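A.B. asks: Here it is, the structure, as structure tokens.
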């Protein structure tokens, strides 16, 4: 499977209306989408809420207007057509409105023929200084969907989700060979975990993980620098390819899905797990 990951800085002012920002960011991605297509990328993923700023340092109702319907909204309709045109699976993380006033942090998945396969709603929602996400997002209950695409079985986890090992395991048990984690994370408290947790989760679950993070700083909040460093890690926990920490970039890397079977057969973690002994994980606080 040839994978493409796009990391990008916000290229316009946050003082604009959300629909204007959306259009500018969608347009900014078009050259990199074409570049991915020209290189034969089969599965392409963008960063978390890729066509808006990371507005969660504020609690401003203005940003509710950034939400779109999935898959009927303008971004999904645009990406659905591009997926079909380029025979490319596309994972499209957007801010979603499901009904009036109900919002989710969402990733829509389109197959290589442009068909809409479904979506994942971010499950774990932080609420700490600089990351007031509960103001904007309802916690998802997506039941860990795995999408059987033209090129392989993929799952999605989003940003803060990555700190919770249970979801990685649920996606792997549901058949995911590659799990994508679109993120928006800044240098500071959690940066050292960026190259610790996801390689460990890849090894624990015998799957590939593709981690995407935006770059740059975003006024007026300026909570820190988004440090990019998007990467693809294999089922042994080894990072096979990684992007820069500052530049807009399309990271392209081809993975060998046979490694999933090889590593799982060697380690047999799924055989030896003991869910009968883990009731404490789900039966209370």
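Numbering (our numbering), first residue to last: 66 to 350. Just so you know, even glycine gets a beta-carbon here, dropped at the ideal spot from N, CA and C. Since this is a predicted model, take the numbers as computed values, not measurements.
So what's residue 75 in DSSP terms, helix, strand or just coil?
C.D. replies: Residue state, collapsed to three classes: coil.
A.B. asks: Check whether the Cβ of residue 155 lies closer than 8 Å to any heavy atom of the ligand PLP, and answer yes or no.
C.D. replies: By its list of ligands, the structure shown contains no ligand whatsoever, and the ligand PLP lies outside what it can speak to.
A.B. asks: What number of angstroms, rounded off, separates the C-alpha of residue 292 from the C-alpha of residue 348?
C.D. replies: Cα to Cα, the separation comes out at about 38 Å.
A.B. asks: I need the DSSP call for residue 214, collapsed to helix, strand or coil.
C.D. replies: Note: residue 214 maps to coil in three-state DSSP.
A.B. asks: Taking the alpha carbon of residue 134 as the reference point, which residue from 226, 158 and 90 has its own alpha carbon closest?
C.D. replies: The shortest C-alpha separation from residue 134 is found at 158.
A.B. asks: Please identify the residue among 209, 325, 290 and 227 whose C-alpha is closest to the C-alpha of residue 272.
C.D. replies: The option with the nearest alpha carbon to residue 272 is 325.
A.B. asks: Do residue 153 and residue 108 have their CB atoms nearer than 9 Å?
C.D. replies: Yes, they are a contact pair.
A.B. asks: Assuming residue 173 and residue 184 form a contact by the criterion Cβ under 8 Å, report the distance between their Cβ atoms to the nearest whole angstrom.
C.D. replies: With a Cβ gap of about 5 Å, residue 173 and residue 184 count as contacting.
A.B. asks: Tell whether a beta-carbon distance below 9 Å holds between residue 78 and residue 284.
C.D. replies: Yes, Cβ-Cβ distance for residue 78 and residue 284 is below 9 Å.
A.B. asks: Less than 9 Å between the C-beta atoms of residue 195 and residue 286, yes or no?
C.D. replies: Result yes, Cβ atoms of residue 195 and residue 286 sit closer than 9 Å.
A.B. asks: With burial defined as no fewer than 16 other Cβ atoms inside 10 Å of the residue's Cβ, what is the status of residue 247: buried or exposed?
C.D. replies: Answer is buried; the Cβ neighbour count reaches 16.
A.B. asks: Does DSSP put residue 286 in a helix, a strand or coil?
C.D. replies: Coil at residue 286, not helix or strand.
A.B. asks: Threshold first: 3 residues or longer. Then list the beta strand (DSSP E) segments lying entirely within the stretch 194 to 252, N to C.
C.D. replies: Segments of the beta strand (DSSP E) lying fully in the stretch 194 to 252: 211 to 213, 218 to 221 and 243 to 248.
A.B. asks: Just mark residue 237 as buried or exposed, buried being the case when its beta carbon has 16 or more other beta carbons within 10 Å.
C.D. replies: Residue 237 should be labelled buried.
A.B. asks: With a Cβ-Cβ cutoff of 9 Å, do residue 303 and residue 264 count as a contact?
C.D. replies: A contact, by the Cβ cut-off of 9 Å.
A.B. asks: In or out: residue 125 buried (at least 16 other Cβ within 10 Å) or exposed?
C.D. replies: Residue 125 comes out exposed.
A.B. asks: For the putative contact between residue 317 and residue 67, defined by C-beta atoms under 8 Å, what is the C-beta separation to the nearest angstrom?
C.D. replies: Going by Cβ atoms, the distance from residue 317 to residue 67 rounds to 7 Å, so yes, they are a contact pair.
A.B. asks: Could you tell me which of 69, 93 and 266 sits nearest to residue 230, measuring between CA atoms?
C.D. replies: Of 69, 93 and 266, the residue nearest in Cα terms is 266.
A.B. asks: Runs of 4 residues minimum, wholly inside the stretch 131 to 204: which ones carry the alpha helix (DSSP H) assignment?
C.D. replies: As far as the stretch 131 to 204 is concerned, its whole alpha helix (DSSP H) runs of at least 4 residues are 139 to 151.
A.B. asks: Inspect the beta-carbon positions of residue 143 and residue 91 and report whether they are closer than 9 Å.
C.D. replies: Taking 9 Å as the Cβ cut-off, residue 143 and residue 91 qualify as a contacting pair.
A.B. asks: Quick one, are the C-beta atoms of residue 342 and residue 301 less than 9 Å apart?
C.D. replies: Not closer than 9 Å, so no.
A.B. asks: Need the endpoints of the alpha helix (DSSP H) that residue 343 sits in, please.
C.D. replies: Segment: none, residue 343 is in no alpha helix (DSSP H) and carries neither H nor E.
A.B. asks: Check this for me: beta carbons of residue 72 and residue 295, under 9 Å apart or not?
C.D. replies: Yes. Within cutoff.
A.B. asks: Quick one: using the 10 Å Cβ neighbour count with 16 as the cut-off for buried, is residue 338 buried or exposed?
C.D. replies: So residue 338 ends up on the exposed side.
A.B. asks: Alpha carbon to alpha carbon, how far is residue 82 from residue 259? Give it in angstroms, no decimals.
C.D. replies: Distance between the alpha carbons of residue 259 and residue 82: 32 Å.
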